[in-house]
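Below you'll find the structure, written out as structure tokens, and then a few comments.
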Amino acid sequence: MDIFGVFSIIGTIAFAVSGAIVAMEEEYDILGVFVLGLVTAFGGGVVRNVLIGIPVSTLWSQGELFKIALISMTIAFILPISWLNRWRRSEAFFDAIGLSAFAIQGALYATQIGHPVSAVLVAAMLTGIGGGIIRDVLAGRKPLVLRDEIYAVWAMLAGLCIYNKWFESTIELLTLFAIIIILRMLSVHFHWRLPRRSLKHAFAQSVYDRPEQPQSQPQTERATTEKQMDAPVELKTAAKIKPALGNPFGALVRKGWWNR
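Dropping the structure here:
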């Protein structure tokens with residue numbers, strides 16, 4: 011097996027298990043676990059194939075990878091909670107493995123076809139982060155890779171290195187694989203972030219949605235009095251006789267011989 015196949019297997023296992031654990035965190039059933047795991051493992055590759063011109067039907071020729079993903083998700087589904095907690099503590103490391111493996115795989119695909127550097131960078135990035143984005147969207151989460159962490163940058167760096175042929179042999183590709191993992195873990199440890207600007211609180215209330223100013227108490231009472239003065243005579247009469255009509259036998263009850 012060449013290095014290309016090794017990267018595919020590593021990335022498939024890492025992302026399939028990642029998707030399965032997210033599905034179990036969201037309390038999906040076993041079908042949802044398999045669907046989310048497969049989408050995480052193969053979603054980025056499908057998007058990449060569409061953009062760089064590879065037939066999407068090539069996905070169905072990866073029967074061995076499908077079997078590996080299904081076996082990995084089944085094991086994750088039946089593992090004890092204590093083992094899954096260990097996975098959660100080292101989730102960033104396995105996620106870095108999948109990112110590095112798939113980014114290199116996507117860059118190699120685009121380079122072999124002869125695409126320009128822009129296509130190689132996009133192929134590396136989407137193969138590395140595309141499955142994770144689709145997973146988070148299906149799980150009802152905000153994609154973390156686009157909000158809080160330097161994630162896609164390392165995938166694009168791998169694509170740039172491969173396009174410039176800085177890493178070509180098997181040993182060199184394995185070295186690049188390890189470098190991307192180390193950079194990813196360093197960004198997690200030191201909390202490296204890309205610059206961002208938030209407008210969430212600036213646009214929280216539009217100028218057209220200002221609440222109405224409450225009227226002062228004297229103005230409110232004056233408006234109520236004016237409305238009562240402008241009411242028709244029939245309504246005024248009805249308002250006066252309404253309490254009496256509400257209990258026509260009230261006077262009799264109060265003055266009855268049984269209350270004496």
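One rule links them: number in the numbering used here = place in the sequence shown (from 1) + 10.
Just so it is clear, CB atoms sit at the ideal spot from N, CA and C, and this is done for glycine as well.
Excluding the 5 residues flanking residue i on each side, which residues of the same chain have their C-beta closer than 7 Å to its C-beta?
i: Ile114; result: Phe17, Ala168, Ile172, Leu183, Leu186, Phe187
i: Gly29; result: Leu46, Gly47, Val49, Thr50, Ala51, Arg145
i: Thr247; result: Confidence at Thr247 is low in this model, with a pLDDT of 49, below 50, so the placement of that residue should be treated as unreliable; the coordinate-derived value is given next. Hits under 7 Å: none found.
i: Gly42; result: Ala33
i: Gly53; result: Gly140, Gly141, Ile144
i: Thr68; result: Asn59
i: Ala102; result: Met195, Val198
i: Ala120; result: Ile62, Ala129, Val130, Ala133
i: Ile40; result: Phe87
Express the C-alpha separation of residue j and residue i in angstroms, rounding to a whole number.
i: Gln122; j: Ser92; result: 43 Å
i: Arg151; j: Phe87; result: 21 Å
i: Ile20; j: Gly116; result: 14 Å
i: Leu136; j: Ile78; result: 22 Å
i: Gln33; j: Leu204; result: This sequence places Ala at residue 33; Gln is not what is there. Going from the Cα of Ala33 to the Cα of Leu204 covers about 28 Å.
i: Ser82; j: Tyr38; result: 17 Å
i: Pro126; j: Leu89; result: 44 Å
i: Arg99; j: Asp105; result: 11 Å
i: Phe112; j: Gly141; result: 10 Å
i: Ile64; j: Leu118; result: 13 Å
i: Asp12; j: Ile31; result: 29 Å
i: Ala26; j: Leu80; result: 8 Å
i: Ala129; j: Ile62; result: 7 Å
i: Gly124; j: Asn174; result: 12 Å
i: Gly73; j: Leu209; result: 46 Å
i: Ile160; j: Val198; result: 8 Å
i: Thr22; j: Arg206; result: 31 Å
i: Leu75; j: His201; result: 33 Å
i: Thr180; j: Leu109; result: 18 Å
i: Asn95; j: Pro153; result: 22 Å
i: Trp97; j: Ala24; result: 11 Å
i: Trp70; j: Ile189; result: 31 Å
i: Phe44; j: Arg157; result: 26 Å
Does the beta-carbon of residue i have 16 or more other beta-carbons within 10 angstroms, so that it is buried, or is it exposed?
i: Arg145; result: buried
i: Ala212; result: exposed
i: Gly266; result: Confidence in Gly266 is poor, its pLDDT being 48 and thus under 50, which makes the residue's placement unreliable; the coordinate value appears in the next sentence. Answer is exposed; the Cβ neighbour count stays below 16.
i: Leu148; result: buried
Got a sec? Which residues, its chain only, sit under 6 Å from residue i by beta carbon, not counting five neighbours each side?
i: Gly15; result: none
i: Leu131; result: Met166, Gly169
i: Arg58; result: Gly116, Ala133, Leu136, Thr137
i: Glu36; result: Ala149
i: Phe177; result: Cys171, Leu183, Leu186
Report the CB separation of residue i from residue j in whole angstroms; it is logged as a contact under 8 Å.
i: Ile139; j: Val155; result: 5 Å
i: Ile191; j: Ile85; result: Incorrect: roughly 22 Å between the Cβ atoms, too far for contact.
Using a beta-carbon distance below 8 Å, is residue i in contact with chain B?
i: Pro90; result: In summary, chain B is missing from the structure at hand, where a single protein chain is found.
Who are the near neighbours of residue i in its chain, counting only those whose CB is closer than 8 Å to its CB and skipping five residues on each side?
i: Val66; result: Val56, Asn59, Val60
i: Leu193; result: Trp164, Leu167
For this session: Output the residue ranges of the alpha helix (DSSP H) runs that lie fully inside the region 68-95 and measure 4 residues or longer, sorted by chain position.
Result: 73-88
Exercise. Along the chain, which unbroken stretches of the beta strand (DSSP E) at least 3 residues long are found entirely within the region 144-220?
Worked result: none
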